[in-house]
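Everything on this sheet refers to the single structure shown next.
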(Lines of atoms letter the chains of each structure in order from A and count residues from 1; the text may use other names and numbers.)
(Lines give C-alpha, C1' and ligand atoms only; values in the text may rest on other atoms or scores of the structure.)
Protein backbone atom coordinates (compact mmCIF):
# COMPACT_ATOMS: atom_id res chain seq x y z
CA UNK A 1 0.00 0.00 0.00
CA UNK A 2 1.49 3.35 -1.11
CA UNK A 3 0.16 6.87 -0.92
CA UNK A 4 -0.23 8.68 -4.29
CA UNK A 5 -1.59 12.21 -3.89
CA UNK A 6 -5.21 11.77 -2.70
CA UNK A 7 -5.22 8.04 -3.53
CA UNK A 8 -3.73 4.85 -2.15
CA UNK A 9 -2.16 2.40 -4.57
CA UNK A 10 -2.68 -1.21 -3.49
CA UNK A 11 -0.42 -3.73 -5.19
CA UNK A 12 -1.33 -7.41 -5.01
CA UNK A 13 1.12 -10.32 -5.04
CA UNK A 14 0.22 -11.02 -8.69
CA UNK A 15 1.16 -7.48 -9.70
CA UNK A 16 -2.37 -6.11 -10.14
CA UNK A 17 -2.82 -2.52 -8.90
CA UNK A 18 -5.86 -0.80 -7.45
CA UNK A 19 -6.39 2.86 -6.59
CA UNK A 20 -8.61 3.88 -3.71
CA UNK A 21 -9.34 6.95 -1.61
CA UNK A 22 -9.71 4.81 1.52
CA UNK A 23 -8.29 1.54 2.78
CA UNK A 24 -9.51 -0.80 5.51
CA UNK A 25 -6.78 -3.00 6.95
CA UNK A 26 -8.23 -6.24 8.29
CA UNK A 27 -5.28 -8.63 8.06
CA UNK A 28 -5.88 -10.28 11.42
CA UNK A 29 -3.17 -11.73 13.60
CA UNK A 30 -1.20 -14.96 13.60
CA UNK A 31 -1.09 -17.53 16.38
CA UNK A 32 2.27 -17.70 18.12
CA UNK A 33 3.99 -21.05 17.81
CA UNK A 34 6.48 -22.88 20.01
CA UNK A 35 8.93 -23.44 17.14
CA UNK A 36 9.96 -26.83 18.49
CA UNK A 37 10.61 -30.11 16.65
CA UNK A 38 7.40 -31.94 15.80
CA UNK A 39 5.08 -28.95 16.10
CA UNK A 40 4.68 -28.28 12.39
CA UNK A 41 4.79 -31.98 11.53
CA UNK A 42 1.86 -32.83 13.79
CA UNK A 43 -0.25 -29.74 13.16
CA UNK A 44 -3.77 -31.02 12.63
CA UNK A 45 -2.71 -34.44 13.89
CA UNK A 46 -2.75 -33.71 17.58
CA UNK A 47 -1.29 -30.20 17.61
CA UNK A 48 -3.97 -27.52 17.84
CA UNK A 49 -4.22 -23.79 18.49
CA UNK A 50 -7.95 -23.60 19.18
CA UNK A 51 -9.53 -25.33 22.17
CA UNK A 52 -13.17 -24.45 21.34
CA UNK A 53 -12.62 -25.83 17.83
CA UNK A 54 -10.81 -29.07 18.64
CA UNK A 55 -11.55 -30.01 22.27
CA UNK A 56 -14.21 -32.60 21.27
CA UNK A 57 -11.58 -34.41 19.16
CA UNK A 58 -9.71 -35.30 22.34
CA UNK A 59 -12.58 -37.13 24.01
CA UNK A 60 -11.27 -39.79 26.43
CA UNK A 61 -7.66 -38.85 25.59
CA UNK A 62 -4.89 -37.44 27.79
CA UNK A 63 -4.00 -33.95 26.56
CA UNK A 64 -1.81 -30.94 27.32
CA UNK A 65 -2.27 -27.18 27.21
CA UNK A 66 0.65 -24.78 26.83
CA UNK A 67 0.27 -21.24 28.19
CA UNK A 68 -0.37 -19.25 31.32
CA UNK A 69 -2.91 -16.59 30.41
CA UNK A 70 -6.70 -16.50 30.50
CA UNK A 71 -7.03 -18.29 27.16
CA UNK A 72 -4.81 -21.16 28.27
CA UNK A 73 -6.62 -21.67 31.56
CA UNK A 74 -10.01 -21.46 29.88
CA UNK A 75 -8.80 -24.05 27.35
CA UNK A 76 -7.68 -26.38 30.14
CA UNK A 77 -11.04 -26.11 31.87
CA UNK A 78 -12.86 -26.75 28.60
CA UNK A 79 -10.75 -29.82 27.89
CA UNK A 80 -11.71 -31.40 31.20
CA UNK A 81 -15.21 -31.86 29.79
CA UNK A 82 -13.79 -34.32 27.27
CA UNK A 83 -10.39 -35.43 28.53
CA UNK A 84 -9.75 -37.58 31.64
CA UNK A 85 -6.43 -35.80 32.30
CA UNK A 86 -5.04 -32.43 31.20
CA UNK A 87 -1.47 -31.26 31.72
CA UNK A 88 -1.23 -27.47 31.97
CA UNK A 89 2.32 -26.50 31.00
CA UNK A 90 3.52 -23.00 31.86
CA UNK A 91 7.04 -21.58 31.76
CA UNK A 92 6.57 -19.57 34.95
CA UNK A 93 5.56 -20.37 38.51
CA UNK A 94 2.66 -17.90 38.51
CA UNK A 95 -0.15 -17.59 35.97
CA UNK A 96 -1.01 -14.34 34.19
CA UNK A 97 -4.76 -14.87 34.42
CA UNK A 98 -7.81 -13.83 36.40
CA UNK A 99 -7.75 -15.25 39.95
CA UNK A 100 -11.07 -17.02 39.36
CA UNK A 101 -9.53 -19.08 36.52
CA UNK A 102 -6.40 -19.80 38.57
CA UNK A 103 -8.51 -21.11 41.44
CA UNK A 104 -10.59 -23.26 39.11
CA UNK A 105 -7.61 -24.97 37.47
CA UNK A 106 -5.77 -25.47 40.77
CA UNK A 107 -8.83 -27.17 42.24
CA UNK A 108 -9.77 -29.29 39.24
CA UNK A 109 -8.75 -32.93 39.84
CA UNK A 110 -8.39 -33.56 36.10
CA UNK A 111 -5.76 -30.83 35.65
CA UNK A 112 -2.11 -31.41 36.55
CA UNK A 113 0.00 -28.26 36.70
CA UNK A 114 3.46 -28.45 35.12
CA UNK A 115 5.02 -25.14 36.09
CA UNK A 116 8.43 -23.59 35.39
CA UNK A 117 8.53 -25.79 32.31
CA UNK A 118 8.80 -25.40 28.53
CA UNK A 119 8.12 -27.76 25.66
CA UNK A 120 11.26 -28.98 23.91
CA UNK A 121 9.79 -31.48 21.45
CA UNK A 122 6.51 -33.01 20.31
CA UNK A 123 6.63 -36.58 19.05
CA UNK A 124 4.69 -39.54 17.82
CA UNK A 125 4.24 -41.76 14.77
CA UNK A 126 1.12 -40.81 12.83
CA UNK A 127 -0.32 -38.54 15.52
CA UNK A 128 0.94 -36.90 18.70
CA UNK A 129 1.93 -39.48 21.32
CA UNK A 130 4.23 -37.59 23.68
CA UNK A 131 5.77 -34.24 24.55
CA UNK A 132 9.23 -33.66 26.02
CA UNK A 133 9.42 -30.84 28.54
CA UNK A 134 12.26 -29.15 30.42
CA UNK A 135 12.16 -27.49 33.82
CA UNK A 136 13.67 -24.01 33.35
CA UNK A 137 14.99 -23.90 36.92
CA UNK A 138 16.52 -27.36 37.31
CA UNK A 139 17.13 -28.30 33.69
CA UNK A 140 15.44 -31.65 34.31
CA UNK A 141 13.69 -33.16 31.30
CA UNK A 142 10.85 -35.65 31.18
CA UNK A 143 8.35 -37.03 28.72
CA UNK A 144 4.59 -36.84 29.10
CA UNK A 145 2.45 -39.40 27.27
CA UNK A 146 -0.37 -37.50 25.59
CA UNK A 147 -2.64 -37.74 22.54
CA UNK A 148 -2.98 -34.04 21.85
CA UNK A 149 -1.60 -30.63 22.71
CA UNK A 150 -3.27 -27.23 22.41
CA UNK A 151 -0.93 -24.23 22.23
CA UNK A 152 -2.40 -21.06 23.74
CA UNK A 153 0.47 -18.56 23.94
CA UNK A 154 -1.20 -15.64 22.23
CA UNK A 155 -1.01 -14.14 18.77
CA UNK A 156 0.78 -11.31 17.00
CA UNK A 157 -0.01 -9.00 14.06
CA UNK A 158 2.15 -8.45 10.94
CA UNK A 159 4.22 -5.68 12.54
CA UNK A 160 6.60 -5.16 9.60
CA UNK A 161 3.70 -4.40 7.26
CA UNK A 162 2.36 -1.78 9.66
CA UNK A 163 5.78 -0.16 10.06
CA UNK A 164 6.09 0.32 6.31
CA UNK A 165 2.86 2.31 6.38
CA UNK A 166 3.97 4.36 9.41
CA UNK A 167 0.85 3.28 11.27
CA UNK A 168 0.81 4.04 14.96
CA UNK A 169 0.77 0.85 17.03
CA UNK A 170 0.79 -0.14 20.68
CA UNK A 171 3.68 -1.86 22.44
CA UNK A 172 2.62 -5.24 21.04
CA UNK A 173 2.36 -4.02 17.46
CA UNK A 174 -1.43 -3.73 17.15
CA UNK A 175 -2.82 -0.74 15.24
CA UNK A 176 -4.20 2.06 17.41
CA UNK A 177 -7.61 3.19 16.16
CA UNK A 178 -10.13 5.85 17.06
CA UNK A 179 -13.90 5.44 17.63
CA UNK A 180 -14.51 5.19 13.88
CA UNK A 181 -11.66 2.66 13.39
CA UNK A 182 -9.55 5.45 11.83
CA UNK A 183 -5.77 5.24 12.15
CA UNK A 184 -3.18 8.01 12.40
CA UNK A 185 -3.08 8.18 8.60
CA UNK A 186 -5.99 9.93 6.91
CA UNK A 187 -7.92 7.51 4.73
CA UNK A 188 -6.61 4.33 6.36
CA UNK A 189 -8.87 2.41 8.72
CA UNK A 190 -8.25 -0.83 10.56
CA UNK A 191 -10.53 -3.50 11.98
CA UNK A 192 -10.47 -6.91 13.58
CA UNK A 193 -7.70 -8.83 15.29
CA UNK A 194 -4.97 -6.50 13.98
CA UNK A 195 -6.19 -3.53 16.03
CA UNK A 196 -5.65 -2.42 19.61
CA UNK A 197 -9.36 -1.84 20.14
CA UNK A 198 -10.68 -1.05 23.65
CA UNK A 199 -12.13 -4.56 24.09
CA UNK A 200 -8.95 -6.40 23.11
CA UNK A 201 -7.64 -6.94 26.63
CA UNK A 202 -10.91 -8.53 27.73
CA UNK A 203 -12.64 -10.00 24.68
CA UNK A 204 -11.17 -11.31 21.44
CA UNK A 205 -14.07 -12.82 19.55
CA UNK A 206 -15.32 -13.08 15.98
CA UNK A 207 -18.33 -10.93 16.80
CA UNK A 208 -16.18 -8.07 18.11
CA UNK A 209 -13.87 -8.23 15.09
CA UNK A 210 -16.86 -8.21 12.73
CA UNK A 211 -18.33 -5.24 14.59
CA UNK A 212 -15.12 -3.28 14.03
CA UNK A 213 -15.36 -4.12 10.33
CA UNK A 214 -18.88 -2.72 10.19
CA UNK A 215 -17.80 0.49 11.98
CA UNK A 216 -14.85 0.90 9.60
CA UNK A 217 -17.06 0.44 6.54
CA UNK A 218 -19.56 3.02 7.81
CA UNK A 219 -16.72 5.44 8.54
CA UNK A 220 -15.42 5.06 4.99
CA UNK A 221 -18.92 5.72 3.66
CA UNK A 222 -19.16 8.89 5.73
CA UNK A 223 -15.75 10.03 4.54
CA UNK A 224 -16.28 9.39 0.85
CA UNK A 225 -19.99 10.11 0.44
CA UNK A 226 -20.79 12.62 3.14
CA UNK A 227 -17.44 14.27 3.72
CA UNK A 228 -17.53 13.50 7.45
CA UNK A 229 -14.21 12.56 9.00
CA UNK A 230 -13.21 11.52 12.50
CA UNK A 231 -10.19 13.10 14.10
CA UNK A 232 -6.98 11.30 13.24
CA UNK A 233 -6.19 8.58 15.80
CA UNK A 234 -3.14 9.16 17.90
CA UNK A 235 -4.51 11.57 20.47
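Numbering (our numbering), first residue to last: -12 to 222. All residues carry an ideal CB built from backbone N, CA and C; glycine is no exception.
Going by alpha carbons, who is nearest to residue i out of the options?
| i | options | result |
| --- | --- | --- |
| residue 8 | -12, 52, 81 | -12 |
| residue 193 | 26, 178, 77, 0 | 178 |
| residue 148 | 137, 139, 161 | 161 |
| residue 51 | -2, 24, 117 | 117 |
| residue 145 | 66, 156, 137 | 156 |
| residue 111 | 42, 84, 134 | 134 |
| residue 42 | 138, -2, 170, 12 | 138 |
| residue 127 | 102, -2, 93 | 102 |
| residue 176 | 191, 200, 195, 196 | 200 |
| residue 108 | 152, 2, 53 | 53 |
Please classify residue i: is it buried, with 16 or more other beta-carbons within 10 angstroms of its beta-carbon, or exposed?
| i | result |
| --- | --- |
| residue 214 | exposed |
| residue 158 | exposed |
| residue 210 | buried |
| residue 22 | exposed |
Residue range of the beta strand (DSSP E) that residue i falls in?
| i | result |
| --- | --- |
| residue 206 | It is not in any beta strand (DSSP E) - residue 206 instead sits in the alpha helix (DSSP H) that spans 193 to 208. |
| residue -6 | -6 to -2 |
| residue 58 | Per DSSP, residue 58 belongs to no beta strand (DSSP E); it is in the alpha helix (DSSP H), 57 to 66. |
| residue 129 | 128 to 132 |
| residue 176 | 175 to 177 |
| residue 160 | Premise fails: residue 160 is in no beta strand (DSSP E) and is neither H nor E. |
Output the boundary residues of the alpha helix (DSSP H) element that contains residue i.
| i | result |
| --- | --- |
| residue 146 | 146 to 151 |
If you drop the 5 nearest sequence neighbours on each side, which residues of the same chain put their C-beta closer than 8 Å to that of residue i?
| i | result |
| --- | --- |
| residue 88 | 57, 60, 61, 64, 82 |
| residue 84 | 55, 56, 57, 59, 60 |
| residue 180 | 15, 16, 142, 144, 191, 196 |
Identify, in the order they occur along the chain, each residue of the same chain with its Cβ nearer than 7 Å to the Cβ of residue i, setting aside the five sequence neighbours on each side.
| i | result |
| --- | --- |
| residue 49 | 70, 71, 72, 132, 133, 134 |
Exercise. Any chance you could list the beta strand (DSSP E) runs of at least 3 consecutive residues sitting entirely within the stretch 72 to 117, in chain order?
Key: 73 to 76, 98 to 101, 104 to 111
Self-check item: Every unbroken beta strand (DSSP E) inside the stretch 1 to 46 [3 residues or more]
Solution: 4 to 7, 10 to 12
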